[in-house]
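Residue numbers (full-length UniProt numbering): 1 to 103.
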């Protein structure tokens, strides 16, 4: 099944310890059904010092299940995402308003 949420989408968390938090999607793994959202599901990772980073206790955003995320439409309300064809193109649309998400 096609992933209904994409990188760069603004989403809200529906369930879990970060319920109610908003953020943008940094990456999506459709095979695992998970996404990494900026500022959500953050855990401390202890890293060793290297030439590129100083190391120490670094907060890292971990993947969260796609079922616990909802797309935020332009009004700032959570909505489900559907697919429809406009002409010969397959586009995503917000189910609450019917507005096309990406043209």
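Just so you know, even glycine gets a beta-carbon here, dropped at the ideal spot from N, CA and C.
Does the beta-carbon distance from residue i to residue j come in below 8 angstroms?
i	j	result
residue 13	residue 72	no
Measuring CA to CA, which of the options is closest to residue i?
i	options	result
residue 66	53, 84, 30, 97	30
residue 34	6, 96, 82	6
residue 60	75, 40, 53, 22	40
residue 42	23, 102, 74, 9	23
residue 37	45, 18, 44	18
To the nearest angstrom, how far is it from the Cα of residue i to the Cα of residue j?
i	j	result
residue 94	residue 28	19 angstroms
residue 63	residue 47	19 angstroms
residue 97	residue 26	25 angstroms
residue 3	residue 91	12 angstroms
Looking at the secondary structure, which residues open and close the beta strand (DSSP E) in which residue i lies?
i	result
residue 41	Where residue 41 is concerned, there is no enclosing beta strand (DSSP E), given that its DSSP letter is neither H nor E.
residue 66	Taken as a continuous stretch (DSSP letters only), residue 66 belongs to no beta strand (DSSP E), as it is neither H nor E.
Which residues in the same chain have their Cβ closer than 7 angstroms to the Cβ of residue i, if we skip the five residues on either side of it in sequence?
i	result
residue 15	68
Return the chain-ordered list of same chain residues with a C-beta closer than 8 angstroms to the C-beta of residue i, the five sequence neighbours on each side being excluded.
i	result
residue 32	63
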